[in-house]
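Notes for the one structure printed next.
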Amino acid sequence: MFHDMDAIVVEKLGKQFGKISAVQDVSFTVHEGELFGFLGPNGAGKTTTINILCTLLRPTSGQARINGFDVMQQRSQVRRSIGLVFQGPTLDEYLTGFENLRFHAYAYSIPAPERDERMRELLQLVELWDRRNDRVRTYSGGMRRRLELARGLLTRPRVLFLDEPTLGLDPQTRRRIWEYILEMRRREGMAVFLTTHYLDEAEHCDRVGIIDHGSIVELDTPDRLKDLIGGDIVSLRVEDEERALMELRGRFGLEPAVFDNTIQFNVPHADQFLPEFIREFSLPLQAVSLRRPTLEDVFLKLTGHAIRDEASADSIPTPARRL
Amino acid sequence: MSEVFTGFWVVGYREFLRLLRERARLASAFVTPLLLLVIFGAGFNRIVAPLDGQVDLVQFMFPGIVCMSVLMTALFSGLSVVWDREVGFLKVVLVAPLSRVGIALGKTAAGSGVGLFQGLLLMILAPFIGLSIGLIALVTLLPLLFVLAVTLSAIGIFVGSQMRSQQAFHGVVEILIVPMVFFSGVFFPVDKVPTWLGILAKLNPLTYGVDAIRQVILNARYSASFESTLSAKGGVDLGVTVFGHRMSVWEDALVVSIFGLIVLVMAARSFNRQGT
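Chains as they are written, first to last, in the numbering used here: chain A, 1 to 323; chain B, 324 to 599.
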């Protein structure tokens with residue numbers, strides 16, 4: 001009866017905090033083994049969604065099932081079948097890395113022989129085996145994140161939640177964390193539910209849900225989301241913008257827009273379109289550029305604002321704060 | 324049921340590990356009662372004249388001081404919940420398949436363990452103030468102190484589960500400590516006081532703890548000669564009377580246990596409702 005079961009099924013989920021609705025009418029499905037991402041700015045409702053799915057918060061409406069278990073009615077089974085890496089730090093700094101993992105193994109009642117083998121395997125994978133007997137307070141931000149990743153996988157969860165897994169880490173560390181995430185997924189084949197406001201991270205996902213103000217705006221594979229833009233993005237600089245716009249609309253049937261003295265338009269297969277366009281265009285061109293659309297363009301088009309508007313401060317990766 | 328047990332021992336075990344790691348906490352577990360020992364043993368006794376030939380004020384207050392020491396440690400053990408919330412570890416505990424009752428029990432066990440240890444350590448003081456505590460009395464005291472420590476620790480854990488910051492926790496606990504200590508019979512008997520104060524005292528679990536422990540430590544002298552001496556002076560009954568009934572040791576213990584059970588359930592429910 002459980003064949004072809006989906007990892008996460010969410011139907012019309014809603015969460016109100018007083019008068020503020022953090023999540024409204026959210027529905028989506030994550031398939032077994034899928035890497036699924038929620039992309040949205042801070043405060044879009046990503047963490048609230050995770051907290052509901054991992055049983056820390058009760059939804060005010062709708063329902064959700066994880067591995068077939070209801071997050072309201074079968075909380076214990078849900079808890080047993082998931083792994084989590086929370087957004088903020090969640091380690092006991094007074095214990096060693098090894099003790100943090102062992103606490104987790106005890107809490108989930110992993111049998112002793114399996115426990116030791118699994119802890120060794122994961123600590124070696126995240127390259128913390130040599131540091132296992134050091135207290136966590138001596139670990140760097142990146143090491144802590146790696147330990148949390150290892151802990152999240154300790155119980156062989158069928159769904160792993162990663163809430164902004166690289167927030168506050170420097171670019172090199174971020175890249176390494178991603179290598180571990182992808183390696184773990186290759187080995188274990190679990191479904192991953194990821195939230196992020198980093199566009200490059202969303203690119204790793206099989207499917208991405210774009211979330212803004214508590215609702216899913218669009219949900220598809222990164223490639224198909226980019227197709228929403230309607231082809232590649234061409235930018236032009238010309239002396240006389242007015243005439244250029246008229247010509248683009250009239251002669252070429254395009255829908256150009258102007259951003260900071262640059263004319264932009266979308267056109268499919270721009271690499272083939274451009275040589276001919278440059279020959280035909282009557283006005284002198286100062287600059288021409290062509291690029292593939294990014295998820296940033298998709299986000300901007302769908303929500304009308306850039307993803308970094310509200311998050312400009314922490315969108316620049318900064319080293320983890322250490323005390 | 325196994326989730327209750329797992330929650331209890333996993334959470335308790337971690338608290339124990341941390342206690343051993345944090346030298347300041349470990350030291351204070353020893354030093355606080357030793358400090359009281361020195362103050363009372365060496366200093367206090369000399370400046371207070373004996374009430375009569377058999378029991379003096381220090382002897383009367385001694386059981387109360389023991390309870391006060393347990394109270395401080397047990398209540399402040401709730402700080403560990405606030406701390407866990409601040410460093411994010413509480414989320415990991417709450418999202419694990421552990422019973423909320425088990426989590427509350429584990430936290431309570433840690434706080435009450437230290438409190439019980441301190442209470443027992445203070446018994447060393449007894450001979451120095453002219454009290455002899457026999458083996459039977461000591462064996463009787465053990466469950467009494469245990470029940471009291473668990474109940475007070477459960478109160479601390481409950482308050483901790485409700486507070487979002489360490490400052491808020493300290494504020495609330497300090498507000499609790501003053502009335503709990505003064506309206507409990509540590510320093511003066513709780514019968515024959517203004518009605519409002521008497522009611523407050525009888526809602527205070529510490530009152531019953533102090534009464535039970537005092538009855539055991541002062542045994543015969545408590546009810547007989549000591550009281551007759553005081554009665555002659557002003558007619559004060561030192562024991563606790565509820566609805567005209569004079570509480571016995573085990574009735575006191577029962578009241579403390581019921582109180583503790585209620586607070587434990589409240590703490591578990593509070594953990595159950597935790598968001599983040």
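Even glycine gets a Cβ: it sits at the ideal position worked out from N, Cα and C. Note that the structure is predicted; figures quoted are calculated from it, not measured.
For residue i, return the contacting residues in chain B, with the cut-off set at a CB-CB distance below 8 Å.
i	result
R80/A	P420
C54/A	V418
E93/A	V410
P76/A	The amino acid occupying residue 76/A in the given sequence is Ser; Pro does not appear at that position. Result: E326 and P420.
By Cβ distance, which residues of its chain are closer than 7 Å to residue i, with the 5 residues on each side in sequence left out?
i	result
E310/A	Only weak support exists for where E310/A lies, its pLDDT of 46 falling under 50; the coordinates are left without a value.
M391/B	V504 and V509
R321/A	Note that R321/A scores a pLDDT of 38, beneath 50, so its modelled location is shaky and nothing firm can be said.
V586/B	T474, A477, I478 and F481
I82/A	C54, I66, P157, V159 and F161
R75/A	T55
I316/A	Per-residue confidence for I316/A stands at a pLDDT of 39, beneath the threshold of 50, marking its modelled position as unreliable; the derived number appears in the next sentence. Same-chain partners within the cutoff: there are none.
Q206/A	It should be pointed out that residue 206/A corresponds to Asp in this sequence rather than to Gln. Same-chain partners within the cutoff: E34, L35, F36 and T221.
Closer than 8 Å by C-beta to residue i: which residues in its own chain qualify, once you throw out the five before and the five after it? Chain order, please.
i	result
S325/B	none
I52/A	L13, K15, V23, R58, P59, A64 and V71
G18/A	none
K556/B	Per-residue confidence for K556/B stands at a pLDDT of 47, beneath the threshold of 50, marking its modelled position as unreliable; the derived number appears in the next sentence. Once the five neighbours on either side are set aside, K556/B has no close Cβ partner at all.
L306/A	Contrary to the premise, residue 306/A reads as Ala rather than Leu in this sequence. E296, F299 and L300, listed in sequence order.
L454/B	Q382, F385, I540 and L541
N100/A	L91, D92, V136, L147 and R151
A576/B	P466, L467, V470, Y531 and A535
L285/A	L236, R237, V238 and I278
L219/A	F28, R207, V208, G209 and I210
A257/A	I263, Q264 and F265
I177/A	G142, R145, R146, L149, P165, T166 and L169
Quick one: what's residue i bridged to in DSSP?
i	result
R257/A	The question names Arg, yet the displayed sequence has Ala at residue 257/A. In the DSSP output, where bridge partners are listed per residue, A257/A has Q264/A.
Q490/B	Answer is none; Q490/B lacks a bridge partner.
Q63/A	E11/A
E218/A	I210/A
S235/A	Q264/A and S289/A
A325/A	A query on residue 325/A cannot be resolved here, the shown segment of chain A reaching from 1 to 323 and no further.
T96/A	R135/A
D70/A	R65/A
Q16/A	S21/A
H607/B	In the structure as shown, chain B begins at 324 and stops at 599. Residue 607/B is therefore absent and cannot be evaluated.
I82/A	V159/A
L35/A	V192/A
T518/B	Looking at the DSSP assignment, T518/B forms no beta bridge with any residue, so it has no partner.
F28/A	V10/A
Name the chain A residues whose beta carbon is nearer than 7 Å to that of residue i?
i	result
G411/B	F86, G88, P89 and T90
V333/B	F103, Y106 and A107
E345/B	Y94
So is residue i in contact with chain C if we call contact Cβ pairs under 9 Å?
i	result
V415/B	Within the model displayed, chain C is absent; protein chains A and B are what it includes.
CB-CB under 6 Å to residue i, same chain, minus the five flanking residues each way: which ones, in chain order?
i	result
S580/B	V470
L439/B	L468, F469 and A472
G558/B	At G558/B, the pLDDT of 40 sits below 50, so the modelled position is not reliable; the number obtained from the coordinates is stated separately. Answer for G558/B: no residue qualifies.
R346/B	none
V288/A	L236
G189/A	G33
H568/B	none
Check the Cβ of residue i against every Cβ in chain A and list those closer than 8 Å, keeping chain order.
i	result
L349/B	Residues of chain A passing the Cβ test: none, with the nearest at roughly 12 Å.
V424/B	Simply none; closest approach about 13 Å.
Just to make sure I have the definition right: I need the residues of chain B whose C-beta is within less than 7 Å of the C-beta of residue i. Which are they?
i	result
S109/A	T329
So with CB distances below 9 Å, who are the chain B contacts of residue i?
i	result
E99/A	R337 and L340
The region 164-174 of chain A in contact with the region 11-27 of chain A per 3-pair CB rule at 8 Å: No, the region 164-174 of chain A is not in contact with the region 11-27 of chain A.
Stretch pair the region 425-434 of chain B + the region 91-104 of chain A: three plus CB contacts closer than 8 Å: no
Meets three-Cβ-pair contact criterion under 8 Å: the region 413-433 of chain B and the region 585-597 of chain B: yes
The region 17-37 of chain A / the region 208-226 of chain A touching (three or more Cβ pairs under 8 Å): yes
Cβ pair count under 8 Å reaching 3, the region 216-234 of chain A against the region 255-275 of chain A: yes
Inter-stretch contact at 8 Å, needing at least 3 Cβ pairs: the region 192-211 of chain A / the region 243-252 of chain A: no
Any 3 or more C-beta pairs closer than 8 Å across the region 485-505 of chain B and the region 400-410 of chain B: yes
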